[in-house]
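Residue numbers (the numbering used here), protein chains in the order written: chain A, 243 to 449; chain B, 4 to 119.
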């Protein structure tokens, strides 16, 4: 019948923050409303707990006094809080504070602007320098490329000159016979021997 | 034009006949528009093995080297021509590579040579 309120029970009871650790409330257990009363409870008459009138009067007075004082205190505290808030917003020092804050704000904004200007100048300088660097590098690369091309051209020209020199030794119809005779007279030997130390022996036996 | 090298093995013949064969070969080459650069004789020597060609068994041959500039299109016909020549034992045409630069040479070439 009486259930212990755990964490999952009635919300209001939980919010009331009971003094005792365990809060008990009446809850219908096994039996429903329409079930007959148990045999052991047949003649039971529920009587409220007895009250002493004198005690009750005294208690009531004391309670009322106590509650009066408590309410007064509470209201006074609330009023104090409200007054403080009001004064903070529209009090005498509120204007000074507002003015000081505005001043600070202006000073800080000015400082911020200064910083921005300074950064701007630095940035502009830096960007300019980087642009110059990039330009210079590009020029360098172009120069390098041109130089390489020049060198290539020179190499090719050298090759051509070399070839022109060699052309004089080529075989033509006129010197064909002469060259054949020459070749038959001078047999060439490309064989050679070499050992591990690198000594070369060009003179070998031609069979 | 790319540069080729013809290594020619001719039958072991007398000197005038060899000269005539060579002349024939080089003239054929020139007719097809090649520029002959040089002709080298590697001597008449024993062949490494006996070669059968044109119904004859050859044990000696004379080696010749012709380097020339030519168009690649004439090579196959020229090789055919050489195969059909009776005096030619073997002919090979190779492309001539550029000279390897001696800068990358790892082995140090020593100048000393054994004198026998």
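From the three backbone atoms N, C-alpha and C, an ideal C-beta is built for every residue, glycine too.
- prompt: CB residue 43(B) to CB residue 11(B), shorter than 8 angstroms?
  reply: For residue 43(B) and residue 11(B), no; Cβs fall outside 8 angstroms.
message: I need the DSSP call for residue 270(A), collapsed to helix, strand or coil.
response: Here residue 270(A) sits in coil by DSSP.
message: For residue 79(B), report the span of its alpha helix (DSSP H) as first-last.
response: It spans 78 to 87 - the alpha helix (DSSP H) in which residue 79(B) sits, taken as one unbroken run.
Chain D contacts from the region 25 to 47 of chain B (Cβ-Cβ distance under 9 angstroms): Checking the listed chains, one finds no chain D in this structure; the protein chains it contains are A and B.
message: Can you tell me where the alpha helix (DSSP H) holding residue 278(A) begins and where it ends?
response: From DSSP, residue 278(A) is part of no alpha helix (DSSP H); its letter is neither H nor E.
message: For a quick check, are the C-beta atoms of residue 81(B) and residue 21(B) less than 8 angstroms apart?
response: The Cβ atoms of residue 81(B) and residue 21(B) do not sit closer than 8 angstroms to each other.
task: Would you kindly check if the distance between the Cβ of residue 91(B) and the Cβ of residue 97(B) is under 8 angstroms?
output: Their beta carbons are not under 8 angstroms apart, which means residue 97(B) does not touch residue 91(B) by this criterion.
field: Bridge-paired residues (DSSP) for residue 67(B)
entry: Answer is 11(B) and 44(B), bridged to residue 67(B).
- prompt: Going along chain B in order, which residues have a C-beta closer than 8 angstroms to the C-beta of residue 413(A)?
  reply: Going along chain B in sequence order, the residues near residue 413(A) (Cβ under 8 angstroms) are 29, 39, 40, 41 and 42.
task: Can you pull the chain A residues whose beta carbon is under 8 angstroms from the beta carbon of residue 93(B), in chain order?
output: Neighbours of residue 93(B) on chain A: none; closest Cβ ~18 angstroms, over 8 angstroms.
query: If you follow the alpha helix (DSSP H) that residue 450(A) is part of, which residue opens it and which one closes it?
result: Nothing can be reported for residue 450(A), as the shown portion of chain A is limited to 243 through 449.
query: How would you list, in chain order, the residues of chain A whose beta-carbon sits under 7 angstroms from the beta-carbon of residue 18(B)?
result: Here the neighbours are 426.
- request: Determine whether the Cβ of residue 396(A) lies closer than 8 angstroms to any Cβ atom of chain B.
  value: The Cβ of residue 396(A) sits no closer than 8 angstroms to any Cβ of chain B.
task: Could you check the C-alpha separation between residue 101(B) and residue 404(A) for me, to the nearest Å?
output: Looking at the backbone, the Cα of residue 101(B) and that of residue 404(A) are separated by about 14 angstroms.
query: Sorted by chain position, which residues of the same chain lie with C-beta nearer than 6 angstroms to residue 120(B)'s C-beta, five sequence neighbours on each side aside?
result: Any answer about residue 120(B) is impossible in this case: the structure gives chain B only from 4 up to 119.
task: Would you give the residue range spanned by the beta strand (DSSP E) that residue 311(A) belongs to?
output: Not the beta strand (DSSP E): residue 311(A) falls in the alpha helix (DSSP H), residues 295 to 332.
task: For residue 97(B), write down the residues that DSSP places opposite it in a beta bridge.
output: In the DSSP output, where bridge partners are listed per residue, residue 97(B) has 8(B).
Interface residues of chain B facing residue 430(A) [CB-CB closer than 7 angstroms]: Close partners of residue 430(A) in chain B (Cβ separation under 7 angstroms): 43, 44 and 45.
- prompt: Which one of 438(A), 424(A), 396(A) and 437(A) has the shortest CA to CA distance from residue 45(B)?
  reply: Looking at the Cα atoms, 424(A) is the closest of the given residues.
message: Quick check on DSSP: helix, strand or coil for residue 286(A)?
response: Residue state for residue 286(A) is assigned as coil, using DSSP reduced to three classes.
- prompt: When you compare only the Cα positions, how much space is there between residue 439(A) and residue 8(B)?
  reply: Going from the Cα of residue 439(A) to the Cα of residue 8(B) covers about 32 angstroms.
- prompt: What is the DSSP secondary structure of residue 291(A), reduced to helix, strand or coil?
  reply: Residue 291(A): coil per DSSP, three-state reduction.
- prompt: In terms of residue numbering, what span does the alpha helix (DSSP H) encompassing residue 22(B) cover?
  reply: Run containing residue 22(B): 18 to 34, per the alpha helix (DSSP H) assignment.
query: If you draw a straight line from the C-alpha of residue 370(A) to the C-alpha of residue 382(A), how long is it?
result: Between residue 370(A) and residue 382(A), the C-alpha separation is close to 18 angstroms.
task: Please state whether DSSP places residue 37(B) in a helix, a strand or coil.
output: Residue 37(B) falls in the coil class under three-state DSSP.
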